[in-house]
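Undergrad: Take a look at the following structure, please.
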Amino acid sequence: MKQKLFKIAGDINKALRLFIFLILISFNSNAQTQSNLEIFYSLVDSASYQTADEVLKLVPEAALTTELGIYYTVFENQIFSGLSSRGLKLKRGAGVTNDIPNLNFLINNAEVKYGEQKRDGFLGDFIVTRELILQGSYLLSSTEDASLTKMNEFSFTYFDQVKVEEIEKIENRSFPFTSGILPQEPFFSSILEPVIAVSAAAVAVVLFFSVRSK
94 MKQKLFKIAG DINKALRLFI FLILISFNSN AQTQSNLEIF YSLVDSASYQ TADEVLKLVP
154 EAALTTELGI YYTVFENQIF SGLSSRGLKL KRGAGVTNDI PNLNFLINNA EVKYGEQKRD
214 GFLGDFIVTR ELILQGSYLL SSTEDASLTK MNEFSFTYFD QVKVEEIEKI ENRSFPFTSG
274 ILPQEPFFSS ILEPVIAVSA AAVAVVLFFS VRSK
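All letters in the sequence shown, in the order written, are residues 94 to 307 by the working numbering.
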């Protein structure tokens, strides 16, 4: 009898440790989830670094202009900082001087896509694949030297998985491009899994009392 009690106590102790471990993982995962806007900032950095590295092969400085439309002006300073951080000397505004070429930086698309909802394990949280896309181009031109003309397009993509319940937090309503269309929850998953869970619980209760009666 004592051996059985010790075994039960040991099993409970292991279960508690596992439960605490899973909770800590959950908190850590939530803390690491970046917002869509934060990820777009990182993608803009990548585009700026690539552009600066290519432009620096031709000239050490340029007069910067940006075409960001209505929604992407939030990236204005990020672009300037990213280009400058690679060593490219910049002056704001086209035609500020004829001595240096003009660099026009364009962002024409920033969007978020979500994949189909699925369970993270049996009866786990619903998760989706998150895809962020940033596309644009740059044009380097000079009125003094046609050989300095260069144009190139860029496209950067980011993938990860997020919980469906986190989506409202990682989107920013002030910036519509940070929101995406979320597919509907799978019909059979929402119906069958609760039934299975209740059935499993009922079976466990029956077995428990059956063992005790013996």
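Don't be surprised by glycine CBs; every beta carbon is placed ideally from N, CA and C.
Please read all numbers here as calculations on a predicted model, not as lab measurements.
Can you tell me whether DSSP reads residue 79 as helix, strand or coil?
TA: Nothing about residue 79 can be reported from this structure: the residues present for the chain run from 94 to 307 only.
Undergrad: From 238, 222, 145 and 167, pick the residue whose C-alpha is nearest to that of residue 193; which is it?
TA: Of the residues 238, 222, 145 and 167, the one whose Cα lies closest to the Cα of residue 193 is 238.
Undergrad: Run through DSSP, which three-state label would residue 268 get?
TA: coil
Undergrad: So residue 265 and residue 174 are in contact, right, with Cβ under 8 Å, and what is the actual spacing, rounded?
TA: Going by Cβ atoms, the distance from residue 265 to residue 174 rounds to 20 Å, so no, they are not a contact pair.
Undergrad: Please go through the same chain and pick out, in chain order, the residues whose beta-carbon is closer than 7 Å to the beta-carbon of residue 130, but skip the five residues on each side of it.
TA: So the qualifying residues of the chain are 265, 268 and 271.
Undergrad: Going by CA-CA distance only, name the one from 147, 179 and 197 that's closest to residue 157.
TA: Nearest to residue 157 by C-alpha distance, out of 147, 179 and 197, is 197.
Undergrad: Only counting runs of 3 or more residues, tell me where the beta strand (DSSP E) segments fall wholly within the stretch 142-222, in order along the chain.
TA: 154-160, 182-185 and 195-207
Undergrad: If you reduce the DSSP assignment to three classes, tell me which class residue 230 lands in.
TA: strand
Undergrad: Evaluate residue 242 with the Cβ neighbour count: other Cβ atoms within 10 Å of its Cβ, from every protein chain shown; 16 or more gives buried, anything less gives exposed.
TA: exposed
Undergrad: Where does residue 248 fall in DSSP's three states?
TA: strand
Undergrad: In this structure, how does DSSP classify residue 224 when only helix, strand and coil are distinguished?
TA: strand
Undergrad: Residues bridged to residue 243 by DSSP?
TA: 233
Undergrad: Applying the criterion that 16 or more other CB atoms from any shown protein chain within 10 Å of the CB defines a buried residue, is residue 250 buried or exposed?
TA: Exposed is the call here.
Undergrad: Between which residues of its own chain and residue 182 is the CB-CB distance below 7 Å, once the five residues before and five after are set aside?
TA: Counting only Cβ-Cβ distances below 7 Å, and skipping sequence neighbours, we find 153 and 154.
Undergrad: Let me know if residue 185 comes out buried or exposed under the rule of 16 or more other beta-carbons within 10 Å of its beta-carbon.
TA: Answer is exposed; the Cβ neighbour count stays below 16.
Undergrad: Pull up the distance between the alpha-carbon of residue 263 and that of residue 145, whole angstroms please.
TA: 30 Å
Undergrad: Are residue 212 and residue 254 close, meaning C-beta to C-beta below 8 Å?
TA: no
Undergrad: What is the DSSP secondary structure of residue 278, counted as helix, strand or coil?
TA: coil
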